[in-house]
Amino acid sequence: GVHAVIGQITTVGTGPVGPSGALPSARKGFQACYDPAFARDWTVRGGLKLKLYLRPDGTVAKVEQKAERHVTPPQRLTAELTQCAVRVAEGMTFPVKEGASDATVTFTVEFLPDHVFPERSKKTTTPPATSTPVRKRTEL
Numbered sequence: 077g078v079h080a081v082i083g084q085i086t087t088v089g090t091g092p093v094g095p096s097g098a099l100p101s102a103r104k105g106f107q108a109c110y111d112p113a114f115a116r117d118w119t120v121r122g123g124l125k126l127k128l129y130l131r132p133d134g135t136v137a138k139v140e141q142k143a144e145r146h147v148t149p150p151q152r153l154t155a156e157l158t159q160c161a162v163r164v165a166e167g168m169t170f171p172v173k174e175g176a177s178d179a180t181v182t183f184t185v186e187f188l189p190d191h192v193f194p195e196r197s198k199k200t201t202t203p204p205a206t207s208t209p210v211r212k213r214t215e216l
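Taking my numbering, the leading residue of the sequence shown gets 77, the next gets one more, and so forth.
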């Protein structure tokens with residue numbers, strides 16, 4: 077599988093944007109951008125930093141995007157994936173604080189396939205058969 081992961085959120089002049097806000101629902105939109113892009117080219121991956129400039133009503137007026145250089149492994153974002161992610165961002169709405177004239181939300185979206193982390197799939201989650209139960213020490 078492939079994953080669109082949102083991270084490093086910075087806000088100016090907005091209310092909360094976290095778990096109950098716009099970003100978790102937008103993750104599905106970013107995922108919907110990545111699935112077809114990855115199906116066409118399995119080397120597509122990378123991080124995209126999006127800065128959203130908000131109108132007073134919380135809708136997005138403008139989106140600035142740039143590739144994140146620190147992402148490992150190397151970037152391979154396509155123009156199609158980037159444009160799709162920007163379209164998802166343009167459709168978002170955020171709670172803007174009253175009187176905030178320069179509200180922004182900045183975050184990264186990382187597009188990563190499972191096979192980028194092969195060591196993850198090799199690890200087992202079950203303990204080895206030789207493990208013994210831990211006994212609680214009782215105070216006397």
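Beta carbons are placed, not taken as given, at the ideal position from N, Cα and C, and that holds for glycine.
Notebook entry, point to check: With a Cβ-Cβ cutoff of 8 angstroms, do Q84 and T184 count as a contact?
Noted result: The residue labelled residue 84 in the question sits at position 8 within the sequence shown. The residue labelled residue 184 in the question sits at position 108 within the sequence shown. Yes, the Cβ-Cβ distance between Q84 and T184 is below 8 angstroms.
Check: Helix, strand or coil: which one does DSSP assign to G105?
Finding: For the purposes of this step, residue 105 is taken as residue 29 along the sequence shown, with counting starting at 1. Helix at G105.
Next item on the list: Could you name the residues of the same chain whose beta carbon sits closer than 7 angstroms to that of F106, not counting the 5 residues immediately before and after it, in chain order?
Entry: Here residue 106 refers to the residue found at position 30 of the sequence shown. Here the set comprises A80, A161, V164, V185.
Notebook entry, point to check: According to DSSP, is Q159 helix, strand or coil?
Noted result: Start at 1 with the first residue of the sequence shown, and residue 159 comes out as number 83. In the structure shown, Q159 sits in a helix (DSSP, three-state: H, G or I).
Next item on the list: Could you pull out every residue in the same chain whose Cβ sits closer than 6 angstroms to the Cβ of K125, ignoring the five residues on either side in sequence?
Entry: As a working note, residue 125 is residue 49 in the sequence shown. These residues qualify, in order along the chain: K142, E144, T184.
Item checked: Three-state class that DSSP yields for A98 in the structure shown -> In the sequence shown, counting from the first residue as 1, residue 98 sits at position 22. Three-state result, A98: helix.
Note to self: Can you tell me where the beta strand (DSSP E) holding V136 begins and where it ends?
What the structure shows: Translated into positions along the sequence shown, residue 136 becomes position 60. First-last of the beta strand (DSSP E) with V136: 136-143.
Item checked: Rounded straight-line distance, which links the Cα of S177 to that of T90 -> Translated into positions along the sequence shown, residue 90 becomes position 14. Translated into positions along the sequence shown, residue 177 becomes position 101. So the two alpha carbons sit approximately 10 angstroms from each other.
Checklist line | Pairwise C-alpha distance: E174 and D117 | finding: Here residue 117 is taken as the residue at index 41 of the sequence shown, counted from 1. Here residue 174 is taken as the residue at index 98 of the sequence shown, counted from 1. Rounded to the nearest angstrom, the two C-alpha atoms are 44 angstroms apart.
Next item on the list: Using 7 angstroms as the cut-off, classify the Cβ of D190 as near or not near the heavy atoms of the ligand MG, replying yes or no.
Entry: The ligand MG is not among the ligands present in this structure, which contains no ligands whatsoever.
Check: Beta-carbon separation of R222 and P189 under 8 angstroms?
Finding: There is no way to answer for residue 222, as the model of the chain reaches only from 77 to 216.
Note to self: Quick check on the burial criterion: 16 or more other C-beta atoms within 10 angstroms. Buried or exposed for E195?
What the structure shows: The residue you call residue 195 lines up with position 119 of the sequence shown. With a pLDDT of 45 at E195, under the threshold of 50, the predicted position of this residue should be treated as unreliable, and no value is reported.
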